[in-house]
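J.: Structure incoming, see below.
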Amino acid sequence: MSDISPQVAPARVRTRFAPSPTGQLHIGGARTALFNFLYSRHTGGDFLLRVEDTDRERSTDAFTQGILDSLAWLGLTPDEPPVFQSTRAARHAEVAHEMLAAGKAYYCYCTPEELRQMREQAVAEGRSPRYDGRWRDRDPAEAPAGVKPSIRLKAPRDGETVVDDLVQGPVRVANAELDDMIILRGDGTPTYLHAVVVDDHDMAITHVIRGDDHLTNTFRQVQVFQAMGWPLPRFAHIPLIHGADGSKLSKRHGAVSVMEFDAQGYLPEAVCNYLMRLGWSHGDLEVVDRDEAIRLFDIVDVNRGASRMDYAKLTNLNGVYIRKADDDRLTKDVLRRLIHQHDLSVGSIAADRIRTLMPHLKERAKSMLELAQAAAFLARVVPLPMEPKAAAILTPEARLLLRDVAADLAATDFTVPALDAALRAFAERTGRKLGQVAQPLRAALTGSTVSPGIDATLAALGKDEALARIADASR
RNA sequence: GUCCCGUUCGUCUAGUGGCCUAGGACACCAGCCUUUCACGUUGGUAACACGGGUUCGAACCCCGUACGGGACGCCA
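Per the working numbering, residue 19 is the first one in the first sequence, and the count goes up by one each step.
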């Protein structure tokens, strides 16, 4: 490993996203991953993934897979195979013992029960619940029998520890506020704060970008880096995302896990764009695609204040991205949703109709759920299910009108311009406004009162199907 | 309780001492467009948390207060 510190000769930027697989990847974690990804790409560096699965009680393989899937969905695939923290326990212990040998750490023979009492007493006396350092300078010869000691960092007691954070600026705390944290448990396993430092060092991470709930823990991590004489990475603590009411984001605020956003019909690029704009901006830019994001994103431009999740704005952006999306891709997604969520069997004829009408369908959808809903009529067969509003349109007079217009349509080429011309001619000949002709047709053709332009809808259905539906509705 | 961080329209934000009568976006309201619904378009309502300084001048700098968030585990 190079002994040139990054400050002297900037190393290639390496960032990492380090989730623990104790739940699905949620939207806050997704943004953290995004910022890590964007920063690494912006600087031409690497984006890595480390799975912090050392909490064997709560970590599961299913969650690990879920996180991997979610990242893939978002397009945030790491550049190297993921590192699993649980596989590195021996290395964490090794470093702890190195610190012990160097006099930077010491054995502590306190029992968990003893520590609990220490904390309770401190709180009762109005002091901070900190370890009092009782084994810091005590002779291990006095160790009680039968207690497996933990290893604690021998943290500096005077002066202050400073984190020069790329987002928060310089943040300092008096060392007297920090206690000697445990780096290796009595059973020989590492604690989180220690493992993170060892892994970040060994993975040559240059920039630690994470949620600001880790900010105050960073002081202790810095002390471990310093004890080992390792160069410090740069830190960037980004603010958390809150729910609409300002409290911690949770289930009751709506979708929180990335996979739920997929299920609710959000496009990954819309989610990424929305997430990026939460806490980051570039002038008045709102719609920023991946390439432009990489070009413009810099971690120092991230704001310090927490922001709230606004589903309305996400939905609006989703509409923007749906309109921009490729028609084949949208069709594929809609077909999938029709089969799985609407329980429709979609044959190739229906698929072709959906694909044909997609340029018009996507103009009026804000989510893939809406898009699938709006396309469903193309996959149905007569008799169509009628929405109440559509049924109300099909009055006896409307049915007569349908029979008349059907005759015209039967003699028309089913192309959009020809259909448009035929309908206009029919309306004029019968002294009606176009809308008076279009709405009954729409009801007959779609079973609803909302659809793309009636000419395009007719064309997508094709002459035989369109006439069959009109005939059925005008009976 | 102690320590750390934050605070511009309802929300996301622009703003780095004069360009601010505070700009944009979403949402909301009204109009236009129109073959329904969307899209688009025109206009409107709406914010510098509060109090002190510093300065010729403060949304911007400093200090307090209030409110919000986070951290204080042999969890991650």
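Glycine included, C-beta positions come from ideal geometry on N, C-alpha and C.
Using the DSSP secondary-structure output, state which residues sit across from Tyr124 in a beta bridge.
T.: Arg170
J.: If you check the beta carbons only, do Phe55 and Leu86 fall under 7 angstroms apart?
T.: Taking 7 angstroms as the Cβ cut-off, Phe55 and Leu86 do not qualify as a contacting pair.
J.: Is Asp344 buried or exposed, if buried means 16 or more other CB atoms sit within 10 Å of its CB?
T.: Asp344 is exposed by the Cβ-count criterion.
J.: Would you identify the three-state DSSP class for Leu267, choosing helix, strand or coil?
T.: Leu267 falls in the coil class under three-state DSSP.
J.: Could you give the distance in angstroms between the alpha-carbon of His502 and the alpha-carbon of Ala140?
T.: Only positions 19 to 493 of the chain appear in this structure, which leaves residue 502 out of reach.
J.: Is Ile201 helix, strand or coil by DSSP?
T.: Here Ile201 sits in strand by DSSP.
J.: Ile259 by DSSP, collapsed to three states: which one?
T.: strand
J.: Does the segment 45-62 come into contact with the segment 187-197, if we say contact requires no fewer than three beta-carbon pairs (one atom in each stretch) closer than 8 angstroms?
T.: no
J.: Taking the DSSP output, what are the residues bridged to Ile227?
T.: Ala254
J.: With a cut-off of 8 angstroms on the beta carbons, I'd call Asp482 and Pro401 a contact; round off their distance for me.
T.: Going by Cβ atoms, the distance from Asp482 to Pro401 rounds to 16 angstroms, so no, they are not a contact pair.
J.: Alpha carbon to alpha carbon, what distance is there between Ala410 and Asp438?
T.: 25 angstroms
J.: Buried or exposed, going by whether 16 or more other CB atoms sit within 10 Å of the CB of Leu418?
T.: exposed
J.: Could you check if Thr105 is buried or exposed, using at least 16 other CB atoms within 10 Å of its CB as the buried criterion?
T.: exposed
J.: Give the straight-line distance between the Cα atoms of Phe432 and Ala425, rounded to the nearest whole angstrom.
T.: Those two C-alpha atoms are separated by around 13 angstroms.
J.: Taking the alpha helix (DSSP H) that Thr333 falls in, what are its first and last residues?
T.: Thr333 -> alpha helix (DSSP H) spans Tyr329 to Lys342.
J.: Identify the residues that DSSP records as bridge partners of Glu178: which are they?
T.: Ala192
J.: Measuring only the C-alpha atoms, how far is Leu412 from Glu405?
T.: 11 angstroms
J.: Span of the beta strand (DSSP E) holding Met33?
T.: Reading off the sequence, residue 33 comes out as Thr, not Met. Unbroken beta strand (DSSP E) run through Thr33: Arg32 to Phe35.
J.: Would DSSP call Val289 helix, strand or coil?
T.: Val289 carries a helical assignment under DSSP once its states are collapsed to helix, strand and coil.
J.: Around the C-beta of Arg228, are 16 or more other C-beta atoms found within 10 angstroms, so that it is buried, or is it exposed?
T.: buried
J.: Tell whether a beta-carbon distance below 7 angstroms holds between Gln113 and Arg68.
T.: It is Val, not Gln, that sits at residue 113 in the sequence shown. No. Outside cutoff.
J.: Out of Val242, Glu278 and Ala173, point me to the one whose CA is closest to Asp155's CA.
T.: Comparing Cα positions, the closest option is Ala173.
J.: How big is the Cα-Cα spacing for Trp248 and Met294?
T.: 32 angstroms
J.: Report the three-state DSSP secondary structure of Ser206 (helix, strand or coil).
T.: In the sequence as presented, Ser is not what sits at residue 206; that position holds Gly. If DSSP states are grouped into helix, strand and coil, Gly206 belongs with coil.
J.: What do you get for Ala108, buried or exposed, if any count of 16 or more other CB atoms within 10 angstroms of its CB means buried?
T.: exposed
J.: Rounded to whole angstroms, what's the CA-CA distance from Leu303 to Tyr339? Just pull it up for me.
T.: 15 angstroms
J.: Are the Cβ atoms of Val216 and His44 separated by less than 7 angstroms?
T.: In terms of Cβ geometry, Val216 and His44 do not form a close pair [threshold 7 angstroms].
J.: For Arg450, which three-state DSSP category applies?
T.: coil
J.: Using beta-carbon positions only, say whether Phe81 and Pro147 come within less than 7 angstroms of one another.
T.: no
J.: Rounded to whole angstroms, what is the Cα-Cα separation between Ser275 and Leu92?
T.: 12 angstroms
J.: Got a sec, what are the start and stop residues for the beta strand (DSSP E) Arg68 sits in?
T.: In the DSSP assignment, Arg68 falls within the beta strand (DSSP E) that extends over Asp64 to Val69.
J.: With Pro251 and His225 assumed to form a contact (beta carbons below 8 angstroms), what rounded beta-carbon distance in angstroms separates them?
T.: 6 angstroms
J.: On the three-state DSSP scale, how would you describe Arg326?
T.: strand
J.: Counting Cβ pairs, one atom from each stretch, are 3 or more of them under 8 angstroms apart for the segment 322-331 and the segment 253-264?
T.: yes
J.: Are there 16 or more other CB atoms within 10 angstroms of the CB of Gly337, so buried, or fewer, so exposed?
T.: So Gly337 counts as buried.
J.: Which of the three DSSP states, helix, strand or coil, is assigned to His44?
T.: The three-state reading of DSSP puts His44 in strand, counting E and B together.
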